[in-house]
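>
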Amino acid sequence: MELLSRAVESGRVAHAYAFIGPSGVGRKLTALAFARALLCPARGCGHCRSCAQIGGGIHPDCHLILPDGQNIKIEQVRELERVAALTPHAGTHKLFILDDAERLTLQAAHALLKTLEEPPARTVLVLILSQVRALPATILSRCQPVRFSPLPLPEAVSVLKEHGIEESRAGLLARVCQGRVGWALAQDPGNFFERRDKALSLLAEVAAGGAEALFARSEALRDRLQAESFVETYWLWYRDLLCAKAGGDHRLIFHDDRQAELGQMAAAASWEEIVQGLRHCRDAWQALQGNVSPRLTLEVTLARLALRAGEEIRI
Ligand SMILES: [Zn+2]
12 MELLSRAVES GRVAHAYAFI GPSGVGRKLT ALAFARALLC PARGCGHCRS CAQIGGGIHP
72 DCHLILPDGQ NIKIEQVREL ERVAALTPHA GTHKLFILDD AERLTLQAAH ALLKTLEEPP
132 ARTVLVLILS QVRALPATIL SRCQPVRFSP LPLPEAVSVL KEHGIEESRA GLLARVCQGR
192 VGWALAQDPG NFFERRDKAL SLLAEVAAGG AEALFARSEA LRDRLQAESF VETYWLWYRD
252 LLCAKAGGDH RLIFHDDRQA ELGQMAAAAS WEEIVQGLRH CRDAWQALQG NVSPRLTLEV
312 TLARLALRAG EEIRI
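Those letters in the sequence shown? Residues 12 to 326, per the working numbering, in order.
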């Protein structure tokens, strides 16, 4: 991020930044790199004590604030104010990174506004959020905005390859993550492919074996993160089916290692079934975000996707 490096080099660091962009595009990684650049005597060498402490989340001048439960609460902002008023322990600055800043409660946001209006010397706040509208304009107008967007496909592939992911997998992973490389790297690529194959074989099993196959496997579907990744896999699968049915360019297909299977399924399914499948995936996603149990959500979704009688099941 050129803007941030220039700020560090010129010594003209703003009191507050808003890192705005979708999750998984490297907002937090950049915030931590920024912290290293500000607090390390060699501007972020990556291997000194200061850099190691930031990486380990224990640097006394770098504070990462996460939602406590659903929200960032007023008590957390009061603690921030208290620490911000002290002189830095080791470095020249005190840095506060508020991850998921859109989850500040209204009260907490008001309290934060006071700090933003009269920032203590050498204090730098970084608010990480996904959209501008997520916070009151009074807060954002006091932050220097830094925009983050997903990387274009070729760049995403090369970043993944730099992180040791083999070419054939990097392509698929880059397409699936849609340029959100931070997300892709957080997945653990080996696990990602294993989960995808598991999700797709479960769908095929239920389609072949009916309700019995579904209930035999549903005990194993309790994990929320796994449920989310299954639903995402189904969403992309149905999106690929739509693309295959329309005779779209094969480069637009995410799961291009399964073109033959996609082609067969796309030929056998009606347009309506495919579009309906996408709707079921969207409903499942909303159910998971709304805290419906992962097992119930997956059971209903698999039934809807793979069983004809599934239409009557509601989440
Ligand atoms: Zn260092």
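We treat Cβ as the ideally placed atom computed from N, Cα and C, and that holds for glycine.
Along the chain, where does the alpha helix (DSSP H) containing H291 start, and where does it finish?
Numbered from its first residue, the sequence shown carries residue 291 at position 280. Looking at the DSSP string, the run of the alpha helix (DSSP H) that includes H291 is W282 to Q300.
> Scan the stretch 78-109 and note each continuous beta strand (DSSP E) run of 3 residues or more that stays entirely inside, going in chain order.
Runs found: 105-109.
> S61: beta carbon under 8 angstroms from a heavy atom of ligand 1?
Here residue 61 is taken as the residue at index 50 of the sequence shown, counted from 1. Yes - ligand 1 has a heavy atom lying nearer than 8 angstroms to the Cβ of S61.
> Thinking C-alpha only, which one of F159, V187 and V192 is nearest E173?
As a position in the sequence shown, residue 173 is number 162, starting the count at 1. Looking at the Cα atoms, V192 is the closest of the given residues.
> I need the boundaries of the beta strand (DSSP E) containing H74, first residue and last residue.
In the sequence shown, counting from the first residue as 1, residue 74 sits at position 63. Looking at the DSSP string, the run of the beta strand (DSSP E) that includes H74 is C73 to I76.
> For the beta strand (DSSP E) that V137 lies in, which residues bound it at each end?
Walking along the sequence shown from the start, residue 137 turns up at place 126. Looking at the DSSP string, the run of the beta strand (DSSP E) that includes V137 is T134 to L140.
> Tell me whether C73 counts as near ligand 1, meaning its Cβ is closer than 8 angstroms to at least one heavy atom of that ligand.
By 1-based counting over the sequence shown, the position of residue 73 is 62. Checking every heavy atom of ligand 1 against the Cβ of C73, none is found closer than 8 angstroms.
> Does chain D have any CB closer than 9 angstroms to the CB of E113?
The question asks about chain D, but that chain is absent: this structure has only one protein chain.
> Reducing DSSP to helix, strand and coil, say where F159 ends up.
Against the sequence shown, residue 159 aligns to sequence position 148. F159 falls in the coil class under three-state DSSP.
> Closer than 8 angstroms to a non-hydrogen atom of ligand 1 - does that hold for the CB of P52?
Numbered from its first residue, the sequence shown carries residue 52 at position 41. Because some heavy atom of ligand 1 lies under 8 angstroms away, the Cβ of P52 counts as near it: yes.
> Would L75 and E113 qualify as a contact pair, given that the criterion is a beta-carbon distance under 9 angstroms?
Counting from 1 along the sequence shown, the entry for residue 75 is found at position 64. Counting from 1 along the sequence shown, the entry for residue 113 is found at position 102. Not a contact, by the Cβ cut-off of 9 angstroms.
> So, under 8 angstroms CB-CB, L106 and D79 are touching, yes? Tell me the CB distance rounded to an integer number of Å.
For the purposes of this step, residue 106 is taken as the residue at position 95 of the sequence shown. For the purposes of this step, residue 79 is taken as the residue at position 68 of the sequence shown. Not confirmed; about 20 angstroms, so no contact.
> Is it right to say V24 is buried, meaning 16 or more other beta carbons lie within 10 angstroms of its own, or is it exposed?
On the sequence shown, residue 24 is found 13 positions in, with the first residue counted as 1. V24 is buried by the Cβ-count criterion.
> Taking the CB atoms as reference points, tell me whether G102 and L40 lie closer together than 9 angstroms.
In the sequence shown, counting from the first residue as 1, residue 102 sits at position 91. In the sequence shown, counting from the first residue as 1, residue 40 sits at position 29. No.
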